[in-house]
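Data block below; observations after.
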Amino acid sequence: VADGSFARQLHLETESWVAQGLVSREQAEALRRRYPLVPEERRSRAVAALAIVGAFAVGAGAIGFFAANWDAIPHGGRLALLLGVTAGAYALAYHLRDRTGALPRVGEAMYVVGVLLFGASLFLVGQMYHVEAHDPLALLLWAGGAAATALVARVRALDWIAVALFTAWIGFELGLALDDLGGEALAALPALAMLYGAALYGLATLAQERVRAPLLAETAFPTAGRCLGLPILAGGAFVFTFSEAADELGAAGDELDGLLFGALVLLAAAALASAASLGLTRRRSAVIEAAALATVVAAALVAVLAGGDGALWAIVFNLLFAGGALGLVYVGYLTDEPWLVNLGVVLVAVDLVARYFDVFWDALPRSLGMIGAGVLILAIAYLLERQRRRVLAQMTA
Amino acid sequence: VSRRRRIALVAVVCAQLAVPLGMAALVEADLAFGEEIRLRARPVDPLDVFRGNYVVLTYDISTLQLVRGVSRGQRVCADLFDSGHSYGARFAYPDPPTEGKTICGRARHDARDGTSVAIEYGIETYYASLDRAREIEASIARGELYVVVDLDDDGSARIERLEVGGG
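As they're listed, the protein sequences go chains A and B. Adding 775 to a residue's 1-based position in the first sequence gives its number in the working numbering. Adding 441 to a residue's 1-based position in the second sequence gives its number in the working numbering.
So, in structure tokens, the structure goes:
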């Protein structure tokens, strides 16, 4: 990729070259295409990222300010302050991005501030009145607000926030319900996370491949769903690569009540249905991804419902995790998606290090173990970096 | 920005302002129309009142003897009596008593009739700033802690305020 100043200079120069008859208009076009003005777009992205980071800082600061000065402000004043600041953030966002168009990136960041303040209002009002409501519901309301704002204002960062909040709501609900059951039930949480992650990735990929609605095409919902779904799926599977965790799966499954059992079946059904539909798309890796999703979901489901030997399940999940990590690299290569390659590489590294500690840590003296771990990590970093670069270079070519 | 999108944006923002406002209005209405009573309380762990920004409270009426068996999560009510400084209760019933003041909550676990059951009334969390938490802690060391709650006709309760040191 050309350096920004060179590309800009070339774009200017080629116009005079055409005027002087040194090159034809077509040749000038070909040269410009070879050195596009990508750095400009990158700078714009950097500004957007900076503005979003600023938005989070402002949101967190405002919440901290309210919390610290809460007692000094009467109830009515607190409400007026919360709502006024939220409305103000949205008004400023609209003014900067949509009305004048003067600072579109900062305007988008102010939309993010508005959504963060909406969430803060929900929790702070509950706190103000010592309300012991069902806490996760506030997350669902927040996610709904974020999704609605994202769709109307078309702010891609909010798509990510909405999907993340929705995921947090699901996790909070499931965690609370499992915790209420007591006993070994909480051990089923990683299995539910696997099913949710698989469903989220499958549905989001399906939406990306199949749904042609202009509104969806402008949003980052499918991208966010895919990028959040896969790590959640991998995280759940990773837990069961350890036999101690896999040992508790059967007992956890036995303790699930009707509601949680329903959630388990529903998530599995959603994941399997999305996998089946994904398999029918024209995506290059459609069949591989569909088969992988179906296998992982079936394994999680059978492990929870049937239980059995924890050591055996640990072997199964180890194979699935390692196969999945390598499969991601391959799928990323097939579909020209570098983030899949990068995620696959990270998971391979995590798996190798985890297995090293799992197998050798107790067998070696502590100092030798540390040296071995360090050498292993360096070797993995060297090999993976080389392989990753090679794969990414091939993809670019 | 099209007119339709502008209207949609205004609607979304208004809805986001209305939700916390509505939550506050509901609680304010409960507090305005409920009947005020005083319950004796204590923090679950007096050494840990600074945990987070809230104090977890337990009441004399948090554990009561059951008249009839209940399962976890089932609604349980207690008939309250005035003991001078505060209100108390002796028994918990799955159905609310028809007379007198009643406070209702949920059973924390399964329990057979004649045994004790832990009840959650929804008034077990009190949010306080660090300074207020210090005051509470000092008052607990000196004397007793009371929570003034507003009781609704259906037996639900909301915390109105905390009174410390007054016994």
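Glycine included, every Cβ here is placed at the ideal spot set by N, Cα and C.
(1) I'd like to know if the segment 984–991 of chain A and the segment 1010–1021 of chain A are in contact, where contact means that at least 3 CB-CB pairs between them fall below 8 Å.
(2) Taking Cβ to Cβ, would you say Leu505(B) is nearer than 8 Å to Val558(B)?
(3) Taking the straight line between their C-alpha atoms, what separation do you get for Ala1174(A) and Pro1006(A)?
(4) Any chance the segment 913–922 of chain A sits against the segment 932–944 of chain A, with 3 or more Cβ pairs inside 8 Å?
(5) Helix, strand or coil: which one does DSSP assign to Leu521(B)?
(6) Quick check: what's the CA-CA separation for Ile448(B) versus Ala999(A)?
(7) Counting pairs of beta carbons, one from the segment 878–890 of chain A and one from the segment 917–936 of chain A, are three or more of them closer than 8 Å?
(8) Count the C-beta pairs between the segment 821–835 of chain A and the segment 848–855 of chain A that are closer than 8 Å, then say yes if the count reaches three, no if not.
(9) Which of the three DSSP states is assigned to Asp1111(A) in this structure?
(10) If you draw a straight line from the C-alpha of Arg531(B) to the C-alpha of Tyr567(B), how long is it?
(11) Which residues in chain B sit within 7 Å of Ala928(A), going by Cβ to Cβ distance?
(12) Could one say the Cβ of Phe491(B) lies closer than 8 Å to chain A's Cβ atoms, at least one of them?
(13) DSSP on Ala988(A), reduced to helix/strand/coil?
(14) Round the Cβ separation of Leu1042(A) and Tyr971(A) to the nearest angstrom and send it over; I've been treating them as touching at under 8 Å.
(15) Quick one: is Ala923(A) near chain B, going by C-beta distance under 8 Å?
(16) Suppose contacts are defined by Cβ-Cβ distances below 8 Å. Is Gly1025(A) in contact with Gly1082(A) by that definition?
(17) Which of the three DSSP states, helix, strand or coil, is assigned to Val442(B)?
(18) Using a cut-off of 7 Å between C-beta atoms, extract the partners of Ile544(B) located in chain A.
(19) Answer with yes or no whether the minimum CB distance from Phe831(A) to chain B is below 8 Å.
(20) I want to know whether the segment 894–909 of chain A touches the segment 458–467 of chain B - three or more CB-CB distances under 8 Å.
(21) Closer than 6 Å by C-beta to Ala1020(A): which residues in its own chain qualify, once you throw out the five before and the five after it? Chain order, please.
(22) Less than 8 Å between the beta carbons of Ala979(A) and Arg1001(A), yes or no?
(23) Once DSSP output is grouped into helix, strand and coil, what is the label at Ser557(B)?
(24) Mind reading off the beta-carbon distance from Leu1101(A) to Gly1119(A)? Whole number of angstroms is fine, and I expect it under 8 Å.
(25) Would Leu592(B) count as contacting chain A if we go by Cβ distances under 8 Å?
(26) State the DSSP-derived secondary structure class of Tyr587(B), mapped to helix, strand or coil.
(27) Listing by chain order, which chain B residues have their CB less than 9 Å from the CB of Val887(A)?
(28) With respect to the beta strand (DSSP E) encompassing Leu507(B), which residues constitute its N-terminal and C-terminal limits?
(29) Which chain B residues sit within Cβ distance under 7 Å of Val900(A)?
(30) Residues of chain B with a CB under 9 Å from the CB of Thr942(A): which are they?
(31) Which two residues bound the contiguous alpha helix (DSSP H) that contains Arg807(A)?
(32) Let me know if Cys455(B) comes out buried or exposed under the rule of 16 or more other beta-carbons within 10 Å of its beta-carbon.
(33) Count the CB pairs spanning the segment 862–882 of chain A and the segment 470–482 of chain B that are closer than 8 Å, and state whether there are at least three.
(34) Along the chain, where does the alpha helix (DSSP H) containing Glu959(A) start, and where does it finish?
(35) Measuring CA to CA, which of Asp955(A), Asn1093(A), Val1104(A) and Ala855(A) is closest to Trp1131(A)?
(36) Residues of chain A with a CB under 8 Å from the CB of Ile600(B): which are they?
The answer reads as follows:
(1) no
(2) Residue numbering aside, residue 505(B) sits at position 64 when the second sequence is read from its first letter. Residue numbering aside, residue 558(B) sits at position 117 when the second sequence is read from its first letter. Yes.
(3) With chain A covering 776 to 1172 only, the question about residue 1174(A) has no answer from this structure.
(4) yes
(5) On the second sequence, position 80 is the one that residue 521(B) refers to. Leu521(B): coil per DSSP, three-state reduction.
(6) Within the second sequence, the letter at position 7 stands for residue 448(B). Within the first sequence, the letter at position 224 stands for residue 999(A). Looking at the two C-alpha atoms, the distance is approximately 27 Å.
(7) yes
(8) no
(9) By 1-based counting over the first sequence, the position of residue 1111(A) is 336. If DSSP states are grouped into helix, strand and coil, Asp1111(A) belongs with coil.
(10) Indexing the second sequence from 1 puts residue 531(B) at position 90. Indexing the second sequence from 1 puts residue 567(B) at position 126. Cα to Cα, the separation comes out at about 24 Å.
(11) Translated into the one-based positions of the first sequence, residue 928(A) becomes position 153. Under the 7 Å cutoff, chain B gives Leu450.
(12) The residue labelled residue 491(B) in the question sits at position 50 within the second sequence. Below a pLDDT of 50, predicted positions are generally treated as unreliable, and Phe491(B), at 48, falls in that range; the measurement from the model is reported next regardless. No, Phe491(B) does not count as interfacial toward chain A.
(13) Residue 988(A) sits at position 213 when you count from the first residue of the first sequence. Correct three-state label for Ala988(A): coil.
(14) Within the first sequence, residue 1042(A) is the residue found at index 267, counting from 1. Within the first sequence, residue 971(A) is the residue found at index 196, counting from 1. That belief holds up - the Cβ atoms of Leu1042(A) and Tyr971(A) are roughly 5 Å apart, short of 8 Å.
(15) Position 148 of the first sequence, counting from 1, holds the residue named residue 923(A). Cβ-Cβ to chain B under 8 Å: yes for Ala923(A).
(16) Looking up residue 1025(A) in the first sequence gives position 250. Looking up residue 1082(A) in the first sequence gives position 307. Against a cut-off of 8 Å, the Cβ pair of Gly1082(A) and Gly1025(A) comes out as a contact.
(17) To locate residue 442(B), count along the second sequence from 1; it is residue 1. In this structure, Val442(B) counts as coil in the three-state DSSP scheme.
(18) As a working note, residue 544(B) is residue 103 in the second sequence. In chain order: nothing, as chain A lies at least about 14 Å away.
(19) Counting from one through the first sequence, the residue named residue 831(A) turns up at place 56. So, not an interface residue.
(20) yes
(21) Locating residue 1020(A) in the first sequence gives position 245, counting from the first residue. Val1014.
(22) In the first sequence, counting from the first residue as 1, residue 979(A) sits at position 204. In the first sequence, counting from the first residue as 1, residue 1001(A) sits at position 226. For Ala979(A) and Arg1001(A), yes; Cβs fall inside 8 Å.
(23) In the second sequence, residue 557(B) corresponds to position 116, counting from 1. In this structure, Ser557(B) counts as strand in the three-state DSSP scheme.
(24) In the first sequence, counting from the first residue as 1, residue 1101(A) sits at position 326. In the first sequence, counting from the first residue as 1, residue 1119(A) sits at position 344. Indeed, because the Cβ distance is near 7 Å, the residues count as touching under 8 Å.
(25) The residue labelled residue 592(B) in the question sits at position 151 within the second sequence. No, because no Cβ of chain A sits closer than 8 Å to the Cβ of Leu592(B).
(26) Against the second sequence, residue 587(B) aligns to sequence position 146. Note: Tyr587(B) maps to strand in three-state DSSP.
(27) Residue 887(A) sits at position 112 when you count from the first residue of the first sequence. None at all; the shortest Cβ gap to chain B is about 13 Å.
(28) Here residue 507(B) corresponds to residue number 66 of the second sequence, with the count starting at 1. That run of the beta strand (DSSP E) goes Thr504 to Leu507.
(29) Stepping through the first sequence from its first residue, residue 900(A) is reached at position 125. Near Val900(A) (Cβ distances below 7 Å), the residues of chain B are Pro461, Met464 and Ala465.
(30) As a position in the first sequence, residue 942(A) is number 167, starting the count at 1. Result: empty, since nearest Cβ-Cβ is about 20 Å, beyond 9 Å.
(31) As a working mapping, residue 807(A) is identified with position 32 in the first sequence. Arg800 to Arg809 is the span of the alpha helix (DSSP H), which, as asked, contains Arg807(A).
(32) The residue labelled residue 455(B) in the question sits at position 14 within the second sequence. Exposed is the call here.
(33) no
(34) Reading the first sequence from its first residue, position 184 is the one you call residue 959(A). Looking at the DSSP string, Glu959(A) is not in any alpha helix (DSSP H), and its letter there is neither H nor E.
(35) Residue numbering aside, residue 1131(A) sits at position 356 when the first sequence is read from its first letter. It should be noted that the sequence gives Tyr, not Trp, for residue 1131(A). Checking every option, the nearest Cα to that of Tyr1131(A) belongs to Asn1093(A).
(36) Working through the second sequence from its first residue, we reach residue 600(B) at position 159. The answer, in chain order, is Tyr904 and His905.
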